[in-house]
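Structure, as structure tokens:
Protein chains in written order, with this note's numbering: chain Z, 424 to 813; chain E, 424 to 813.
If you want it as structure tokens, here you go:
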């Protein structure tokens, strides 16, 4: 297995109404990534697209071949990968394998999603396909109601209130203020959070991620290509770990509803691959789709004890200068969650952190980051560990 | 890169109305493949699902994690891969990489598709997402009309008639008669073919594949596992080549509408990887979705000259005892084309041919088979070369 490096990044500004035809959204991010890496298009022989909803909302499948063509890469190996909201990182996992395994020297990974051109009803229904349709969706559960079920169970089990979750949303929005590519640039406080519109009790608008459009891209390459590529004097960023763990889709059939076994498995596998322990991780770019998922992810990934995750960060531990920064560029909550693209945005932002180019939100001198993207309420969990090399 | 072997196969009988809930269709094929390989479930650490339409027609995404769970493999790495009608083989491509690259010792690949539980109109619309929606689908083209366009162009360019395509359908149906797992067991002759219902001129019902449900699975493994696995005294089957080539989705933007560049690229790459030439191939299990695609595939893959593909097989060259057997168990035409599963059915059938277990349709003593599965009208072309080892 060869070492794999992240050598280029691209991201479109996340918006409501991308303003371009679907196929060009991915191209915009790809063009940026290629320019950023300073490589030639002809060096790229693989494209993996991450997308969840284009078939349902835009009547378009085969985004792999389509995007390769539009991006001027017609003919290369191109595929599409789906793991609901974890599609972007799952695509990166395939891209990683294709380079690490020696199949390609340079693989392009792009996550792209348009969610705002359809009706809210259609988009909500499309999101519900991430859950178990037979056991959940067909019984009237939406993605919001499932997270409400989790949040309520957590509150009852551990005797906490809605207010206990607020700091996650506030911290994410604080970070989002300094991310010009993000969707929501709006400072919020606890009053805002507590008074935000109730969606499905106890999930409020500010517990949930916004519906939006966006595309992000990363270029993965062998060491030889990475060393030769123009790097603007930045440190090389290695993919030190890459892993997927899964769980049942339906909440009711889990071993324990409040323990995300998929997160635990995925984290453990990625850490083992990188030869690291939790305490080595300087940034945990997690999947803060809902404040309850942030909570449960911190616990299952081993950064907080069971029932204590909700309190983690109340003392500022999760801010860029804290002990374990999360959602450093706003997270799903503020940067936005164009579902199939999110996992790639996370990699782009983490690259910026590790190369010291994250701007106002720069985490001081990070070396290892754990980047985690989740499909459904914890069914497919994709973890990558990025490492800043000397 | 490690050698990869195909060590187990499973397939459900293709039907109209699978009779089981979607999630159990894949499980049936998986259970068979595990039993066939004689391995333990705990040896399997990866599942790649190929599927095209579950999101659109069954409101269910994340088939990877879902199927792993249902099959008793909860927790393992599990993903879903989409390349329209080429999804099954694209999943096999990922499974191949995961073993060849040393990421997993045993990877399960399953293609599953249910097409008959939705209305014909919904299924037809879902199939159209395989084409370019902006340039084709939104302008009223269906998948059938696009193949009609290709067939008409071929007939006009090379001065042939509908009758010239009939032998492909007849040969496929002849083979399908002896495939108990296939969908259509019906002998047809040239009169049947010529008198079959016109769908979109010049494509008739017997030029096109049937809409049906099915799932197939294969187990891919490292040499060590393959050697240790119980093989019922059958020869070992190696994956000697695995490749993807792409082209534009839309017919009008191709370099040359009647030349499937994706097929040419994909074939060339797979042959090069296996160190083979066209004349070494004993079976070409091709993507005979439409008789025109059979024709163009034979040409682009290098088995017939431009404009001559339509005549290939008229002397029996494509029958099991011919020079280049195709569609040996009925092909998409007669075995059926449950889209995201087709590519895996092809691998299952080819395994049977190479191990001498194909029954009445057994090709005499084949050593190398090229297996090709196509997404859209030629946009994503996945080729695998299977080799019978001593």
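The beta carbon of each residue, even a glycine, is placed where N, CA and C say it ideally should be.
Cβ contact annotation for residue 678 of chain E (same chain, cutoff 7 Å, sequence separation greater than five): 684, in chain order. Residue-level contact check: residue 439 of chain Z does not touch chain E, since none of the beta carbons of chain E fall below 7 Å from its beta carbon. A residue is called buried when at least 16 other Cβ atoms come within 10 angstroms of its Cβ; residue 543 of chain Z does not meet this threshold and is exposed. Annotated as distal: residue 805 of chain Z and residue 715 of chain Z, with beta-carbon spacing of 7 Å or more.
Non-local beta-carbon contacts of residue 526 of chain Z in its own chain, meaning distances under 6 Å to residues more than five positions away in sequence, are absent. The DSSP assignment places 589-599, 613-618 as complete runs of the alpha helix (DSSP H) inside the stretch 567-621 of chain E, in order along the chain (cut-off: 4 residues).
Bridge partners of residue 428 of chain Z according to DSSP: Z:644, Z:661. Between residue 450 of chain E and residue 494 of chain E, the CB-CB gap stays under 7 Å. Using a C-beta cut-off of 8 Å, the stretch 450-465 of chain E makes no contact with the stretch 692-703 of chain Z, since fewer than three inter-stretch Cβ pairs fall below that distance. The stretch 472-486 of chain E makes no contact with the stretch 432-440 of chain E, as fewer than three CB pairs between them are under 8 Å.
Restricted to the stretch 496-570 of chain Z, the beta strand (DSSP E) segments that are unbroken, complete and at least 3 residues in length are 500-505, 529-536, listed in chain order. According to the DSSP assignment, residue 493 of chain E belongs to the alpha helix (DSSP H) that extends over 486-493.
For the set E:712, E:616, E:675, the Cα lying nearest the Cα of residue 633 of chain E is the one of E:712.
With the criterion set as a beta carbon lying under 7 Å from some beta carbon of chain E, the members of the stretch 480-501 of chain Z are 481, 482, 483, 484, 485, 487, 488, 489, 491, 492, 497, 498, 499, 500, 501, in sequence order. Around residue 567 of chain Z, the same chain offers 622, 623, 626, 631 as residues with beta carbons nearer than 7 Å, after the five sequence neighbours per side are excluded. The Cβ atoms of residue 640 of chain E and residue 533 of chain E sit closer than 7 Å to each other.
Note on geometry: alpha-carbon atoms of residue 563 of chain E and residue 482 of chain Z lie some 13 Å from one another.
Note that the C-beta distance between residue 502 of chain E and residue 522 of chain E is not below 7 Å. Relative to residue 692 of chain Z, the option among Z:724, Z:708, Z:647 whose CA is nearest is Z:724. Note that the C-beta distance between residue 757 of chain E and residue 657 of chain E is not below 7 Å. The three-state secondary structure of residue 672 of chain Z, taken from DSSP, is coil. By the Cβ rule, the stretch 729-749 of chain E counts as touching the stretch 582-590 of chain E, because three or more pairs are nearer than 8 Å. Taking every protein chain shown into account, the CB of residue 553 of chain E has 16 or more other CB atoms within 10 angstroms, so this residue is buried.
Distance check between residue 515 of chain Z and each of Z:441, Z:614, Z:665 places Z:665 closest, using alpha-carbon atoms only.
Among the residues of the stretch 712-726 of chain E, none has a Cβ less than 9 Å away from any Cβ of chain Z.
Remark: C-beta atoms of residue 461 of chain E and residue 649 of chain E do not approach each other more closely than 7 Å. Scanning chain Z for C-beta atoms nearer than 8 Å to the C-beta of residue 672 of chain E yields 485, 488, 489, 492, reported in chain order. Residue 730 of chain Z carries a coil assignment under DSSP once its states are collapsed to helix, strand and coil. Between residue 511 of chain Z and residue 763 of chain Z, the gap from beta carbon to beta carbon is short of 7 Å.
Between the alpha carbons of residue 611 of chain Z and residue 574 of chain Z lies a gap of roughly 21 Å. About 5 Å separates the beta carbons of residue 524 of chain Z and residue 520 of chain E, which is inside the 8 Å limit, making them a contact pair.
Straight through space, the alpha carbons of residue 446 of chain Z and residue 466 of chain Z are spaced by roughly 22 Å. For a Cβ distance threshold of 8 Å, residue set 424, 520, 523, 524 of chain Z lies close to residue 526 of chain E, ordered along the chain.
Residue 599 of chain Z has its alpha-carbon roughly 20 Å from the corresponding atom of residue 797 of chain Z.
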